[in-house]
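Here is the structure we will look at.
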Amino acid sequence: MNSVTGSTDAEDWLDISDSLSLPSLSLDDVLNEVSHLDDEPFDGGLSESAGISPSPVPIPANYKLDNAVKTKRLESISHQLVSFRSKNGSAVAVAHSGSHTAVATSKGSLLIFDAEGRLERFWSGGDSDGSASCVTFSEGGKYVAVGYSKGFVKVINLKNGVVEELIKEAVQIGRGVLQVLYLDSGRTILTLDSGGSVFEMHTRHRFRLGKSRIRCIFSGCNGEVLHMRLLPHSLLALLTVSKILIVSTRMGGSIVCVFPLEINAQFPPLLDFTEELSRESKTNGERGCFRVCVGRGQTLSLFKLIPRNIGTPQKAATLVQKIQLPQLAVNICFLSNNFLIAFDEKGNCMSVRDGKYVVPQDTSSCRISLFFSTSDYKGLTTGGNVSPAMQCLAERACYQSVCRNRLHSSVIVLSHDELYEVSLLSEDDQMELFQSRGDYVSACLYLLDIYRGRVRAEKQFLDSLPRHLSEQLRRLVDVAMGGCKEGKVAELVAHYKAYISILLTVSIGTRSFTSLYDDIWPRVERDVISRSIFLESLDEFVLDGTLESPPPVLVSEYLSHLASEGHFSQLQASVVRFPIHCIDIHYVMSTCKQNGLYDGIIYVMNKAFGDYLSPLEEMLCDVSSFASHEVLSDSEVERGNRLLLYLHCCLAGHAYPYGTLPPEQLSVVPDQVYRCITSLKGKDGTSATVNYPYLRLLLLFDAQQFIHVIGTCADAPIFQSENRLQRLIEIIGRLSTELREESALVHFLLLISQLAESSSILIPIELVEDVVTTLMRLDWHHSSAEFAIVETLRTAPQIDKKGVLRMALSPFRKGICTFIYCGERKFVDLIKSYVRHGEHEGIFPLIRQILQADLSQQEMHEISEVVYGLIPQLVTVNPEQCALLVIDCLPDYLAGLRPQTPEERKACFPLLKAAFNIKRERQETFLQMDEDVDEHHFGIVFEGIVNQKLEDLDTALQDLLLYWLPTGSRTDFCLNLAAEADCANSTILLMEARGLLDNAFEVLFKQINESNGDQQRFVYWLDKGLSFCTCHSGFSHSRGWLLRIMRAATGAVAEENSIDMEFRLRSLASGILENGSEHSLELVECLLDYPSFRHGLFSDYASLINRILGTCSHEKFVTKQLLLCIDQESAEDLHSMRGQLCRKIAGVIEEQCIICHTGVTKAAYLFSCGHLVHMECDNGERRCPCLDDNVKKFTRNRYEVNASLLGSRYKRRSQETRDIFVNWNNVMLLTPH
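Numbering-wise, the sequence shown is residues 1 to 1233 according to UniProt numbering.
Printed below as a string of structure tokens:
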């Protein structure tokens, strides 16, 4: 379906002829058709002209790329392998070098194919050779070596086809050859046998006559080698069962690196490398490095190998990344620097790009059944003489089935008698796939992403990108203009919108403007619907400025379309974005003038005619029609702002609305515009009755923005000569004074301050004074007026400040007065002026600012005296601000505040209350550093709150005391006030703080008794009593407070809230019983007075009763145990005393003191030795002096005489003892004697 068949007329499109026979419709058919119509009115728009909403068109906004891996079956080689299978056997190994591909078969044959797939050479295997197991090329492809399962190797010259060497002792006897590998030199061959051993063979001459030297370089008993891989920089990788060894062939086969492997015996170890690194590595100087990917099963590890670190303390290999595959892999290979493929045992190809697994779009597109070398790894030819490790992984060993084709950056894969080439999908391949599906939208979007650099592409494809774009855009236009096969108009509209949007995005995004203007637009403009949609879709590209050099026909159609649709604002924005040579000047000028589109007029006049003055004059004339209106519409404001913007561009030497003026106009335009706006009588010198009509008009319309334009252009070249800026400023000042308009006066003064600071002008003092005087006499509507005057006074100190101050005092202008008084350091006069004019809001910050300024001692004294006298008046204004001022700036004021009379105390109350609140908010516990002063001031605050007689006075006092309790409880003043005001909580709190616990309890107990009839109040005071007794448990027990509360509680029987009462009674009983069973009887009596307890069940009060009984029995047990302890301790003491009394002592040797040798006429000690010592002669040791050496000699004779006088009953009876150490030093006799 297309809206164009041969003509663009609607009648031709319908193409209804008279001879056309229409089918007859029944009433039901008509009703069914009507039921599908939309009920909404036809309010315009192509998509709604049919009365239905457009149905979605399945055109993708994005695209999907095909699988990155491309699989190609090598038909020629595969066909030949299948054809010769019966004669030569099945293919078992493949190798590639340069342009040749070698295939070894199960019957020992070798087939060499060229790049075209033609069989170039063929060697048939002997009858006794058996199956080949591996094949490899030498470096340069001169020789090819074939290994056989029976354990020998053939070396064939590829050029002449001669078997130059038959090495029968290539491996151990009874082992088969698994792999043959050439080293770099081409003179050395490595062979791997089925026992996991590696052998090295040297030839003196390159496989000429001469005996080879063979030696084992790695024994399978150290861990079987499963595969070998030659790496760059003379490195050799040996893939063993448990690890991968990197060996240096230059360093005598020493191991330089080891890669551990995961333990998975059923899957072979894998390794591949890529010599190219990323750009970052190249910039870091790592050109010699290469990447190695090792792995086993599902886990791959990517390492960076640095050959220059081999043999140094630095690491030769570092782990770059670990990759987790969804399936277990049996072979891996790099296709590019950042792309790796892995095959699982079913032949599915898994892709890894930039170290991340890529989910395939089509899993069946790349699946190759690999050929596994199971028989060779199981050693079936040689009798199965292989290790269990070889047998375990033999089912999945396919090392000989994959080889690289470095010429085409691809991989040759051997399947069952088939060869496949696996490579990355190139950009050309992707384009071919898009074209084969007819998906030209995706093709175009793909080319767009390549152009923008979102998709990486080869340089060769980038060079041919314009050709691809042109071709795909041409095909997409064909699809787009082909329309829908069938359907309604709405579907055709949706079809056009989708395709045209993509065409514009791709063509403009890739700068394919030739295709857009020569191929796309000529096809689209033939259809009325498609042309309208194309022009609508062109809007965003025009406004973005991405449409370059459009043809005039397209521009004309586009502007005509905007005008017909009534999109004049968009038309105006679009005109300035087209080159001037592309637009119809007559049509644009007439349309813009008709609709007041001055942007278009300015653009055409400036670019086409070089006229910059005429648009300015027209806009000035237009603005003059509404500049005097009190209220402006949005359209009028927009037009006026456009005038100011154009004026700014012209004066600054810029193009409108952006860019720069042409060099020939750079000095002419600003001069013309300046002369125009400063003309004395207008355009022709006689068109105005007032002076400077244009400047007057601009000030009247928006003085702020106009003066801002002058300020921003003050440094433009136009104002740097002939004193033009000075003259313009003076003219604006005189006009502002004449207009007596606040905004003009204010912003003129601000402009003067700005220019004076930058030294751009000389301040006209007389003119500025006139402007300030005029402004001061007006009623201000904005606060910026005062700011402007202050700034002017700061930048122009020559102004008469006395006259300004007189006007600022009536009416009071605090900002101006503050500036002038502070400049003259008349701080006292300033403060008095604030107070005199009732400026209550600003006086507190003013005083604070003055007191914190750098004042002399005399100034500080004068200001302090004034502020001290004003504080009573300031308190009435704002007590909080006044208190904050006193605390921060005048701390000595509170120290000297000593009110005595009630009136004085009442006057100080608001200030002190606010001060205490501020200190509390700051979490400070003092008002002054003097406790007496704080206590006195707190008493005033407390008394003032009491005198206020608040409804919740007790709560307010309690809240105050909870923070200031140490201060309020220093004396009884606050306590007496609280008691007198009957504030029970505050009274109890103060009594408790002063240690009057008995009085506090009596007050509390009084409240309990008085609240007997009020259940809620009774419970409240009962809780307070419990809390009070808990805090003072010692006093509570000794004075029986809890028992008194218990009697009061049980005596007040209340039916309501009985559960709460019982809970509290239980708490009381528990508190009474905590201190013993002394009051158990009274407790039981109180409980029996309580009806709920007396008439209740035992089960309800079992715990309480058991607690009472338990307390009594416990005390009884404790008393009994205490008596037993007393008896036991007393018995021990009596026994000890009895022993002391019955102890025998020695007799008195001499009845005189042994020290002073006087008679025993005083209290004395009698020692066991028989000596006496006066208590006053003893030195406190209570020890007989006879024990000292000095006294022993003196008293020895007398002692012996006196001791002899004692009877025999006083002598100590000693048992005879024997010294067992007498003969200790005698020589021991070790022999019989």
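C-beta atoms are modelled at their ideal positions from N, C-alpha and C, and glycine is treated no differently.
For residue 601, the nearest candidate out of 564, 646 and 626 (CA to CA): Translated into positions along the sequence shown, residue 601 becomes position 601. Residue 601 has its Cα closest to that of 646, out of 564, 646 and 626.
Own chain partners of residue 394 with C-beta closer than 6 Å, once the 5 adjacent residues on each side are dropped: As a position in the sequence shown, residue 394 is number 394, starting the count at 1. Closer than 6 Å at Cβ, skipping near neighbours: 374, 377 and 378.
Taking only three categories from DSSP, how would you classify residue 532? The residue you call residue 532 lines up with position 532 of the sequence shown. Here residue 532 sits in helix by DSSP.
For residue 836, report the span of its alpha helix (DSSP H) as first-last. The residue you call residue 836 lines up with position 836 of the sequence shown. 827-836 is the span of the alpha helix (DSSP H), which, as asked, contains residue 836.
Using the Cα positions of residue 6 and residue 99, report the straight-line distance between them to the nearest angstrom. Within the sequence shown, the letter at position 6 stands for residue 6. Within the sequence shown, the letter at position 99 stands for residue 99. Bear in mind that a pLDDT of 43 at residue 6, under 50, signals an unreliable position, so the number given afterwards is only what the model happens to contain. Straight through space, the alpha carbons of residue 99 and residue 6 are spaced by roughly 58 Å.
Please classify residue 727: is it buried, with 16 or more other beta-carbons within 10 angstroms of its beta-carbon, or exposed? By one-based count along the sequence shown, residue 727 stands at place 727. The residue in question, residue 727, is exposed, as its Cβ has fewer than 16 Cβ neighbours within 10 Å.
Can you tell me which of the three DSSP states residue 200 falls into? Here the question's residue 200 lines up with position 200 in the sequence shown. Here residue 200 sits in strand by DSSP.
Distance, Cα to Cα, residue 665 vs residue 769? For the purposes of this step, residue 665 is identified with residue 665 of the sequence shown, where counting begins at 1. For the purposes of this step, residue 769 is identified with residue 769 of the sequence shown, where counting begins at 1. Approximately 40 Å, taken between the alpha carbons.
Does DSSP put residue 511 in a helix, in a strand, or in coil? Within the sequence shown, numbered from 1, the residue matching residue 511 stands at position 511. DSSP places residue 511 in coil when its eight states are reduced to three.
Residue 182 - partner residues in DSSP beta bridges: In the sequence shown, counting from the first residue as 1, residue 182 sits at position 182. Answer by DSSP bridge pairing, in chain order: 189.
Alpha carbon to alpha carbon, how far is residue 268 from residue 340? Give it in angstroms, no decimals. Position 340 of the sequence shown, counted from the first residue, corresponds to residue 340. Position 268 of the sequence shown, counted from the first residue, corresponds to residue 268. So the alpha carbons of these two residues sit roughly 18 Å apart.
Nearest CA to the CA of residue 675: which residue from 651, 698, 658 and 690? As a working mapping, residue 675 is identified with position 675 in the sequence shown. Minimum Cα distance to residue 675 is reached at 651.
Bridge partner(s) assigned by DSSP for residue 410: In the sequence shown, residue 410 corresponds to position 410, counting from 1. The partner list for residue 410 (beta bridge, DSSP) reads 405.
Pairwise C-alpha distance: residue 218 and residue 370: For the purposes of this step, residue 370 is taken as the residue at position 370 of the sequence shown. For the purposes of this step, residue 218 is taken as the residue at position 218 of the sequence shown. Each residue's Cα considered, the two are about 29 Å apart.
If you draw a straight line from the alpha carbon of residue 96 to that of residue 141, how long is it in whole angstroms? Here residue 96 corresponds to residue number 96 of the sequence shown, with the count starting at 1. Here residue 141 corresponds to residue number 141 of the sequence shown, with the count starting at 1. The straight-line gap separating the alpha-carbon atoms of residue 96 and residue 141 is approximately 9 Å.
Note down, one range per segment and in chain order, each beta strand (DSSP E) of at least 3 residues found wholly within the segment 56-91. 69-73
Which first and last residues belong to the beta strand (DSSP E) in which residue 295 is found? Along the sequence shown, read from residue 1 onward, the residue named residue 295 stands at position 295. Looking at the DSSP string, the run of the beta strand (DSSP E) that includes residue 295 is 290-305.
Assumed close pair residue 332, residue 94 - CB separation to whole angstroms, cut-off 8 Å: Numbered from its first residue, the sequence shown carries residue 332 at position 332. Numbered from its first residue, the sequence shown carries residue 94 at position 94. About 17 Å; that fails the 8 Å criterion.
Can you tell which of 561, 456, 941 and 448 has its C-alpha closest to the C-alpha of residue 512? Along the sequence shown, read from residue 1 onward, the residue named residue 512 stands at position 512. Comparing Cα-Cα distances from residue 512 to each of 561, 456, 941 and 448, the minimum goes to 448.
For residue 236, which residues from the same chain have a beta carbon less than 7 Å from its beta carbon, with the 5 sequence-adjacent residues on both sides left out? One-based indexing of the sequence shown puts residue 236 at position 236. Correct list, in chain order: 228, 230, 247 and 249.
For the segment 81-160, list the beta strand (DSSP E) runs that are entirely contained and at least 3 residues long, ordered along the chain. 91-97, 100-105, 110-113, 119-123, 132-137, 143-148 and 153-157
Based on the DSSP output, what are the partners of residue 351 in its beta bridges? Mapped onto the sequence shown, residue 351 falls at position 351. Residue 351 is bridged to 341 and 358.
Please list the segments of the beta strand (DSSP E) lying wholly inside the segment 655-722, counting only runs of 3 or more residues, in order along the chain. For the segment 655-722, not a single whole beta strand (DSSP E) run of length 3 or above is found.
Can you name, in chain order, every residue of its own chain whose Cβ lies under 7 Å from the Cβ of residue 823, other than the five neighbours on each side? As a first step, residue 823 is located in the sequence shown; it is residue number 823 there, counting from the start. Cβ contact annotation for residue 823 (same chain, cutoff 7 Å, sequence separation greater than five): none.
On the criterion of 16 or more Cβ atoms from any shown chain inside 10 Å, does residue 986 qualify as buried, or is it exposed? To locate residue 986, count along the sequence shown from 1; it is residue 986. Burial call: buried.
Environment of residue 292 [buried if 16+ CB atoms lie within 10 Å]: Against the sequence shown, residue 292 aligns to sequence position 292. Buried, since its Cβ has 16 or more Cβ neighbours within 10 Å.
Just to confirm my understanding: we take residue 713, look at its own chain, exclude 5 residues before and 5 after, and list those with CB closer than 6 Å. What are they? By 1-based counting over the sequence shown, the position of residue 713 is 713. Cβ within range, chain order: 651 and 652.
Determine the burial state of residue 876: buried for a count of at least 16 other Cβ atoms within 10 Å of its Cβ, exposed for fewer. Your numbering for residue 876 matches position 876 in the sequence shown. Exposed, by the Cβ-count rule.
For residue 1314, count neighbouring Cβ atoms within 10 angstroms of its own Cβ and tell me buried if that reaches 16, exposed if not. The question about residue 1314 has no answer, for the chain in this structure spans 1 to 1233.
Starting from the Cα of residue 1033, find the closest Cα among 752, 1001 and 648 and give me that residue. Your numbering for residue 1033 matches position 1033 in the sequence shown. Comparing Cα positions, the closest option is 1001.
Where does residue 800 fall in DSSP's three states? Indexing the sequence shown from 1 puts residue 800 at position 800. Here residue 800 sits in coil by DSSP.
Where the beta strand (DSSP E) containing residue 274 begins and where it ends: What you label residue 274 is simply residue 274 of the sequence shown in a count that begins at 1. Segment 270-274, the beta strand (DSSP E) holding residue 274.
Please report the Cβ distance between residue 386 and residue 194, rounded to the nearest whole angstrom; I am assuming they are in contact, meaning their Cβ atoms lie under 8 Å. Locating residue 386 in the sequence shown gives position 386, counting from the first residue. Locating residue 194 in the sequence shown gives position 194, counting from the first residue. About 5 Å separates the two Cβ atoms, so the contact holds.
Per DSSP, what are the beta-bridge partners of residue 227 in this structure? Your numbering for residue 227 matches position 227 in the sequence shown. Residue 227 is bridged to 239.
Residue environment, residue 349, which counts as buried when at least 16 other CB atoms sit within 10 Å: Here residue 349 corresponds to residue number 349 of the sequence shown, with the count starting at 1. It is buried - the Cβ of residue 349 has at least 16 other Cβ atoms within 10 Å.
List the residues that DSSP assigns as beta-bridge partners of residue 1159. As a first step, residue 1159 is located in the sequence shown; it is residue number 1159 there, counting from the start. Answer by DSSP bridge pairing, in chain order: 1152.
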